[in-house]
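Trainee: Pasting a structure here, questions to come.
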Amino acid sequence: MASSEYKVPTYPMVGFLVKRGLILAGVFGALPLIAALYLVLAGWGPLVVVAGLLASVVTTGLLVSYVEVLRIIADTLMPK
229 MASSEYKVPT YPMVGFLVKR GLILAGVFGA LPLIAALYLV LAGWGPLVVV
279 AGLLASVVTT GLLVSYVEVL RIIADTLMPK
């Protein structure tokens, strides 16, 4: 491949996640709690809310850490 044919990759999904990753982490992190609240309304025990809250905290923490690692990678390794 000649140097005139080379095109710098853009990685649009990485850019999207760098810009909107924290919002998405919050939304997806809230889903277990929302599901737990729905289950309580459907007749399950109140302990489900505690489990849903714990699952939400863990999910949000994992997703936020993923976004932070992705931002580090984007800053250091991707062409600008």
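Take the sequence shown: its position 80, counted from the start at 1, is 308 in our numbering, and no numbers get skipped. We put the CB at the ideal spot given by N, CA and C, even for glycine.
One question on the structure: do valine 346 and valine 268 come within less than 7 Å of each other, judged by their Cβ atoms?
Mentor: In this structure the chain extends from 229 to 308, so residue 346 is not present and cannot be described.
Trainee: Which of the three DSSP states is assigned to proline 260 in this structure?
Mentor: In this structure, proline 260 counts as helix in the three-state DSSP scheme.
Trainee: Roughly how many angstroms separate the alpha carbons of alanine 258 and valine 246, rounded to a whole number?
Mentor: Cα to Cα, alanine 258 sits roughly 20 Å from valine 246.
Trainee: For the alpha helix (DSSP H) that contains valine 276, what are its first and last residues?
Mentor: Valine 276 -> alpha helix (DSSP H) spans 275–305.
Trainee: What is the DSSP secondary structure of glycine 254, counted as helix, strand or coil?
Mentor: DSSP places glycine 254 in helix when its eight states are reduced to three.
Trainee: Give me the Cα-Cα distance between leucine 291 and alanine 253, rounded to the nearest whole angstrom.
Mentor: So the alpha carbons of these two residues sit roughly 5 Å apart.
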